[in-house]
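Everything below concerns the one structure shown next.
The following block contains the structure:
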C-alpha cells in the first residue's frame with residue numbers, strides 16, 4: 001500500500017533551493033511570465049519556503065518536487081498529470097486557510113517516503129489522482145476540506161476536524177479509511193450522463209465540476225457551488241434547475257444551455273460567465289459586488305432578474321468585440337446597480353419591464369437597446385449607442401437619459 005519503505009529519496013545538492021522566497025537561483029524551478037512557479041525538472045526543497053497567496057506552484061509532468069523542510073502554502077500547488085509531490089518533512093506541508101494543494105488525474109502526492117511526513121490542512125486538499133499517506137505519516141485535516149475523486153491509500157494516521165468530501169462520480173477509492181472518519185458526498189469531477197440531484201450538495205472549494213458532452217444536471221434541491229462549474233465547450237451538456245443553485249464560486253457556460261425553471265432560483269455570489277444560452281422562467285439574483293458576463297444569449301421568459309452587482313452584456317478581449325444578447329420577453333429585470341450593454345450587443349425588451357431603479361445605471365456603450373414595452377427609469381441611462389423606441393413602448397420615471405436621446409424605430 002502506498003510508497004514502500006524501500007523507496008529512497010536523496011537530496012540532490014544541484015537542486016536545492018538556496019533561499020526561502022526567491023526562485024531565480026533554484027535549479028529545476030522557474031518563474032512563469034505571470035509570476036507563478038513551475039518545475040523545469042526535479043526539485044529538492046531544503047529550506048523553509050512560503051508560496052504566497054495568489055501564487056501557484058505547478059509540478060509539471062514527469063517532474064518530482066521533494067519537500068525536506070517546512071512548506072507553507074498560502075497560494076496553490078497543482079500537481080499535474082504524471083507529476084509527483086513528495087512530502088518527507090516532519091515539519092509539515094502546511095496548507096493554510098487561503099491555500100490549496102490540487103493533485104490532478106494521474107498525479108501523485110506521497111506523504112512520507114524514507115521518513116514520515118506530516119500534512120496540516122486548514123485550506124483545501126483536492127485529490128483527483130493519488131494520495132499515499134504512508135506508514136508513520138499523518139494527515140491532519142484541522143479545519144479544512146479534503147476532496148477526493150481519485151484514490152487515497154492510507155497506511156498512516158488521519159485526523160479530521162474539517163470535512164472529507166467524496167465525489168458522487170467515478171467510485172473513488174479509499175484504502176485504509178479510519179472507521180470513525182465521516183465522508184460527505186460532493187459534486188465534483190467529470191461526468192457525461194444525467195445526474196438528478198434531490199438533496200443539498202456542495203461543489204467544494206478549489207474543486208471543479210466538469211459537465212462533459214451528453215452530461216446533464218437536473219437539480220431538484222440545492223447545489224452550493226464553492227468551486228467551479230463548467231459546461232464543457234463543443235458538447236451537448238446542460239443544467240436544468242428546479243431548485244436552488246447558490247453560486248459562491250464560478251459558473252462557466254460555454255456553448256450549452258442552462259434552463260432555470262419556474263421554481264428555480266440562481267443566486268450569484270460570485271461570477272457567472274455565459275457564452276451559451278441561459279433561459280430563465282424563475283429567479284436570477286445577482287448579489288452585491290458580483291458579476292454576470294454574457295457573450296451568448298440570456299432570455300428572460302416569465303422570470304425575474306434582479307441585479308445588485310454588475311451585468312456585462314458583451315465584452316472586448318484582445319481588441320476583439322464579443323457581443324451578447326439579453327431578451328426580456330414577459331419577465332422583469334430589476335437593476336439596482338450597473339448594467340453595461342457593450343459594443344455590438346443588444347438588449348431587447350419585448351413584452352416585459354425593465355426597472356432601472358434609483359442610483360442605478362445602464363451604460364449603453366455602442367450597443368443597442370430595443371424597447372417594445374416599458375422601461376421604468378429612475379436612475380441614469382447613459383446612451384452612447386442606440387435606443388430604439390417601437391410603437392406602443394414607453395420610457396417612464398424621473399431618471400435621466402444622457403448623451404444621445406432615444407429614437408423612434
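Numbering (the working numbering), first residue to last: 1 to 409. Backbone N, C-alpha and C define an ideal beta-carbon position, used for all residues, glycine too. Just so you know, these numbers come straight off a predicted model, no measurement behind them.
Assigned exposure category for residue i - 16 Cβ within 10 Å defines buried
i           : result
residue 18  : Caution is warranted here: a pLDDT of 39 is assigned to residue 18, below 50, making its placement in the model unreliable, and the coordinate value is therefore given only provisionally. It counts as exposed.
residue 161 : exposed
residue 325 : buried
residue 108 : buried
residue 198 : exposed
residue 221 : exposed
residue 72  : buried
residue 100 : buried
Rounded C-alpha distance that separates residue i from residue j
i           : j           : result
residue 38  : residue 74  : 16 Å
residue 274 : residue 237 : 14 Å
residue 257 : residue 347 : 19 Å
residue 241 : residue 264 : 5 Å
residue 269 : residue 114 : 45 Å
residue 391 : residue 406 : 13 Å
residue 382 : residue 372 : 19 Å
residue 105 : residue 147 : 13 Å
residue 125 : residue 46  : 23 Å
residue 152 : residue 48  : 27 Å
residue 10  : residue 88  : Any reading at residue 10 needs caution, since the residue's pLDDT is 48, under 50, leaving its predicted position unreliable; the model's value is listed next. Going from the Cα of residue 10 to the Cα of residue 88 covers about 11 Å.
residue 69  : residue 90  : 8 Å
residue 92  : residue 139 : 9 Å
Beta-carbon spacing of residue i, residue j below 7 Å
i           : j           : result
residue 361 : residue 380 : yes
residue 227 : residue 253 : no
residue 189 : residue 169 : yes
residue 191 : residue 215 : yes
residue 145 : residue 205 : yes
residue 262 : residue 281 : yes
Residue i in three-state terms, based on DSSP
i           : result
residue 290 : coil
residue 321 : strand
residue 143 : coil
residue 376 : strand
residue 238 : strand
residue 409 : coil
residue 202 : strand
residue 119 : strand
residue 186 : strand
residue 254 : coil
residue 362 : strand
According to DSSP, residues forming a beta bridge with residue i
i           : result
residue 38  : 30 and 58
residue 191 : 211
residue 285 : 267 and 306
Cβ-heavy atom distance, residue i to the ligand ADP, below 6 Å
i           : result
residue 303 : The ligand ADP is not among the ligands present in this structure, which contains no ligands whatsoever.
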